[in-house]
Amino acid sequence: MQYKKPILVLFTGSVETACGGASSASGPFYCPGDQKVYMDLAFFDELQTKFGASGGDFATAYVIAHEVGHHIQTLLGTSAKMRQAQQGKSEADANKLSVALELQADFYAGVWAKYNQENLDIGDIDEALSAAQAVGDDAIQKRMQGHVVPESFTHGTSEQRKYWFMKGYTTGDIRQGDTFSEVD
Ligand SMILES: [Zn+2]
549 MQYKKPILVL
559 FTGSVETACG
569 GASSASGPFY
579 CPGDQKVYMD
589 LAFFDELQTK
599 FGASGGDFAT
609 AYVIAHEVGH
619 HIQTLLGTSA
629 KMRQAQQGKS
639 EADANKLSVA
649 LELQADFYAG
659 VWAKYNQENL
669 DIGDIDEALS
679 AAQAVGDDAI
689 QKRMQGHVVP
699 ESFTHGTSEQ
709 RKYWFMKGYT
719 TGDIRQGDTF
729 SEVD
């Protein structure tokens, strides 16, 4: 199939998208409706100040690559299939499917890093892992509410997010990214 590049939109404050209006509170996201990646510039500071990541250029690269992963899932039809599968499911089961989709986007980010190895500096993979650690559902919930509710996870734990990024990075093999069979 033909690869169609997504468009990157940087914004501060708020933005209008084909998926509706969004503010910096929503964090970086991908809108399938217009195939654009939306990045609030303040988020990259918050990744360090609020989420406790070590920062660095490759933390930013990981976040963008994750969102482009959602673009790949849209082109391949995985996102639509997953949303269909969520219909009629309990919230907990629908969340599990969401986690699988998110971890696959992390996996694709790892595959991308593998094929861009010649551009990586020492410490770049650690920067990505630190960012993945910081945005794990368990890490976020622990910080926000002091305890974790696994049934409400939508993106996966810090461990899972690091695991799938690294699996993509070490294998570089897109066929290894079936998070839907492996995550339960
Ligand atoms: Zn995502």
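For what it's worth, our numbering labels the leading residue of the sequence shown as 549, then goes sequentially.
Ideal Cβ positions, reconstructed from N, Cα and C, are used throughout, including at glycine.
Keep in mind that this is a model prediction, so the values were computed, not measured.
Under a Cβ-count criterion, where at least 16 other Cβ atoms within 10 Å of its own Cβ denotes burial, should residue i be classed as buried or exposed?
{"i": "A687", "result": "buried"}
{"i": "H695", "result": "exposed"}
{"i": "K733", "result": "Any question about residue 733 goes unanswered here, given that the chain covers just 549 to 732."}
{"i": "A566", "result": "exposed"}
Verify whether the separation of the beta carbon atoms of residue i and residue j is less than 8 Å.
{"i": "F606", "j": "A682", "result": "no"}
{"i": "G561", "j": "E650", "result": "no"}
{"i": "L595", "j": "A679", "result": "yes"}
{"i": "Q621", "j": "Q652", "result": "yes"}
{"i": "L645", "j": "Q634", "result": "yes"}
{"i": "F655", "j": "T718", "result": "no"}
Bridge partners for residue i per DSSP, in chain order?
{"i": "T565", "result": "G568"}
{"i": "L556", "result": "V585"}
{"i": "F713", "result": "F713 is not bridged to any residue."}
Residue i and residue j look like a contact to me (Cβ under 8 Å); what is the Cβ gap, rounded to whole Å?
{"i": "V563", "j": "Y586", "result": "6 Å"}
{"i": "Q583", "j": "H619", "result": "6 Å"}
Within a Cβ cutoff of 7 Å, which residues of the same chain sit near residue i, ignoring the five residues on either side of it in sequence?
{"i": "E699", "result": "A640 and N643"}
{"i": "V616", "result": "P554 and V585"}
{"i": "M738", "result": "No answer is possible for residue 738: it lies beyond the span of the chain, which begins at 549 and ends at 732."}
Give me, in chain order, the residues of the same chain whose beta-carbon lies closer than 6 Å to that of residue i; leave out the 5 immediate sequence neighbours on both sides.
{"i": "G684", "result": "T705, S706 and R709"}
{"i": "W712", "result": "L651, D654 and F655"}
{"i": "G604", "result": "E675"}
Once you ignore the five residues that flank residue i on each side, which residues in its own chain have a CB closer than 8 Å to its CB?
{"i": "F591", "result": "S572, G575, P576 and V611"}
{"i": "G569", "result": "S562 and V563"}
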